[in-house]
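Protein chains in written order, with our numbering: chain C, 5 to 331; chain S, 11 to 365. Every residue, glycine too, gets a C-beta built ideally from N, C-alpha and C. Only one structure is covered here, and it is reproduced in the block below.
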């Protein structure tokens, strides 16, 4: 089958449908995922086709959702859990950090917990408090978890399939403001690189822009603007922040000599700090400028009327690019 | 029903009847229950001693809770699955876990890395109440499988204050999960008495979630066995979860790091000593001439042999290899772990080069 155009949201729905069809041990569970199809409709139609036993509406309790998913995984199931919004994951954070992340290691590998926790995240949709956050660094800091975020429909489909197939727990951050972005998805092209490999989505020679999730498109747009000004920016879609594909990042930076890392999450102690530290340590003599970070500020996510100022957009990315070239 | 709960054996060792719960236990079964409790008590005492001698980092004593644990675990079938807290040493022994494997956790050799499926006995869980949700999810899986297995989740009175336990009760109820919630109410959550955890008797919590809850005399092994059997039958029949509150007492400290004289009266401890779970079964066995001195001597000797094996095994337990730090963090390769493993190996090797 050739590639077909679909939205990122439809790609996720298709991936869930395909994993449910492929493996009877796969379950989908969360608040409103059944009859309603999820508040964003990512699970639309799944309960109708696979039944209440496999697409489970849960009580409204995130710790309970994650904790029971762990129990189901201990019994041999592969739950795909939906947390309704980024800011609501924290009641489940205890189970994720103290149990889900640690149980495989503390059992010396006797226990595997193949659980995917899907979290729609990020801002830019004019939402109320707790509905626009980017808490991915809080998960990447926890050994035992894999943390990834697709930026386009094809990756959304394939990375979710790979996440479900993985024997490790995966925190799968979905860029909710990109749910309606369209792209080609070939659901038969199974020779995909693993989710933890970054991808150069726009080659360039003068500066590397590294991003993941919703900021990849912002960086691609910024690179297009920079090209008009004669600067060839290379855009790297990290796709995964635990692990980070440092090989690809280093290879790019050694060619371009400059790196800007962009994410919606606050800069302070964010993924960009880890990448900047690593690149400084390993590419010191290849750098023509300090590694710069672009992200949100160290303040709670603001009321939506201020989110355009809070979130990094094309202009903030280009401002960082200018500063990198000023060196 | 007395304030201590459903009872089939008085502290004086006399059998009493209960309108709803009975136990048809022959001499062999009664002796086996005594043996289980006596071995657990001896093992537990050795744990305390080994900690005092610096061989273990910590030991949470089960002293006083032998009947609650043995009575409940002996109600299980082989295919059933247990989710313990961290004080269920008698349960572990009865499920067949090698005590030396259990002690690796308290020796600091591992975090308690036994195979849960080998004995239907999940890992100890130190975060209070977390395991009740795992038990609930596991039980949901059991039901999906169409299995007639049941799940038994242990937790304490302190855990009932945790949101996870409340969520576990509710999830289990709405999904009709085949799980028995077994609360050992040992009266104390470190220094905090029941009055700081609850305004209602704990077994009554179940009613608010729509499933039955009963209080049983947790120092009466016969009553605990009878009540847990009934609870397991209930959950196996697809009627949803069941809460058992075993009313017992933590005779020792919370752990070897605790000093209970700072917060409770010795008179209270003495009043519970009179309700000792082993003593009352011994009284029954002697009164009804179901066991003689030779039997008790044999059990004592068996306990001493267990203690020797445990002592020697702990002292000769090797520490893990440093490189194991990086093992099993992930099932599949993870670049950061691989990089740090290589750095660590190079760092370790640098000492060898320096000679």
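Exposed or buried, residue 99 of chain S, counting other C-beta atoms within 10 Å across all chains shown (16 or more means buried)?
buried
Beta-carbon proximity check, residue 270 of chain C vs residue 217 of chain C, cutoff 8 Å
no
Excluding sequence positions up to five away, which residues of its chain have a Cβ less than 8 Å from the Cβ of residue 165 of chain S?
95, 138, 139, 141, 142, 175, 191, 192, 193 and 194
Taking all protein chains shown into account, do 16 or more other C-beta atoms lie within 10 angstroms of the C-beta of residue 29 of chain S, making it buried, or fewer, making it exposed?
exposed
Residue range of the alpha helix (DSSP H) that includes residue 223 of chain C:
219-232
Which partner residues does residue 231 of chain S have in the DSSP bridge list?
DSSP lists no partner for residue 231 of chain S.
In the structure shown, what three-state DSSP assignment does residue 286 of chain S receive?
coil
Where does residue 16 of chain S fall in DSSP's three states?
strand
Using 8 Å as the Cβ pair cut-off and three pairs as the minimum, do the stretch 26-36 of chain C and the stretch 46-61 of chain C touch?
yes
Within the 8 Å Cβ cut-off, does residue 64 of chain S reach chain C?
no
For my contact list, residue 1 of chain S and residue 19 of chain S are in at a C-beta cut-off of 8 Å; report their separation, rounded to the angstrom.
As shown, chain S starts at 11 and ends at 365. That puts residue 1 of chain S outside it, with no answer to give.
For the stretch 230-305 of chain S, list the beta strand (DSSP E) runs that are entirely contained and at least 3 residues long, ordered along the chain.
252-257
Going by the CB atoms, is the gap between residue 70 of chain C and residue 121 of chain C shorter than 8 Å?
yes
Take residue 11 of chain S and list the residues in its own chain whose beta-carbon comes closer than 6 Å to its own, dropping the five residues that flank it on each side.
Residue placement at residue 11 of chain S is poorly supported in this model, since its pLDDT is 42, which falls under 50; the coordinates still yield a value, given next. Contacts found: none.
Within 8 Å of chain C by C-beta, residues of the stretch 146-162 of chain S in sequence order:
146, 147, 148, 149, 150, 151, 152, 154 and 155
For residue 239 of chain C, tell me which candidate among C:203, C:272, C:247 and C:274 has the shortest Cα-Cα distance.
C:203
Indicate whether at least one CB of chain C lies closer than 8 Å to the CB of residue 143 of chain S.
yes
Interface flag, residue 12 of chain S vs chain C, CB-CB below 8 Å:
Here residue 12 of chain S scores only 46 on pLDDT, less than 50, and its place in the model should not be relied on; the value that follows carries that caveat. So, not an interface residue.
Establish whether the CB of residue 340 of chain S and some CB of chain C are separated by less than 8 Å.
yes
What does the alpha-carbon distance come out to for the pair residue 40 of chain S and residue 291 of chain S?
8 Å
The stretch 110-121 of chain S / the stretch 74-87 of chain S touching (three or more Cβ pairs under 8 Å):
no
So residue 250 of chain C contacts chain D; which residues on that side make the cut at Cβ distance below 7 Å?
Protein chains in the displayed structure are C and S, and chain D is not among them.
Looking at residue 199 of chain C and residue 166 of chain C, is the spacing between their C-beta atoms short of 8 Å?
yes
I'd like to confirm the pairing. Which residues does DSSP put opposite residue 262 of chain C in its beta bridges?
Paired residue(s): none; residue 262 of chain C is not in a bridge.
Among S:323, S:346 and S:347, nearest to residue 56 of chain S - alpha-carbon criterion:
S:323
Using CA atoms only, rank isn't needed, just tell me which of S:356, S:247, S:167 and S:260 is closest to residue 212 of chain S.
S:167
Quick one: is residue 111 of chain C near chain S, going by C-beta distance under 8 Å?
yes
Near residue 4 of chain C, which residues of its chain fall below 8 Å by C-beta distance, leaving aside the five closest residues on each side in sequence?
Given that chain C is displayed from residue 5 to residue 331, the structure contains no residue 4 of chain C and the question cannot be resolved.
Does the Cβ-Cβ distance between residue 256 of chain S and residue 226 of chain S come in under 8 Å?
yes
May I ask which residues mark the beginning and end of the beta strand (DSSP E) holding residue 190 of chain S?
189-195
Paired residues, beta bridge with residue 225 of chain S - DSSP
S:255
Residue 66 of chain S versus residue 60 of chain S - alpha carbon distance:
6 Å
Going by DSSP, what residue range makes up the alpha helix (DSSP H) through residue 50 of chain C?
50-54
Hey, quick one: how far does the beta strand (DSSP E) through residue 91 of chain S stretch, first residue to last?
91-93
How would you write the range of the alpha helix (DSSP H) that residue 211 of chain C sits in, first residue to last?
It is not in any alpha helix (DSSP H) - residue 211 of chain C instead sits in the beta strand (DSSP E) that spans 211-215.
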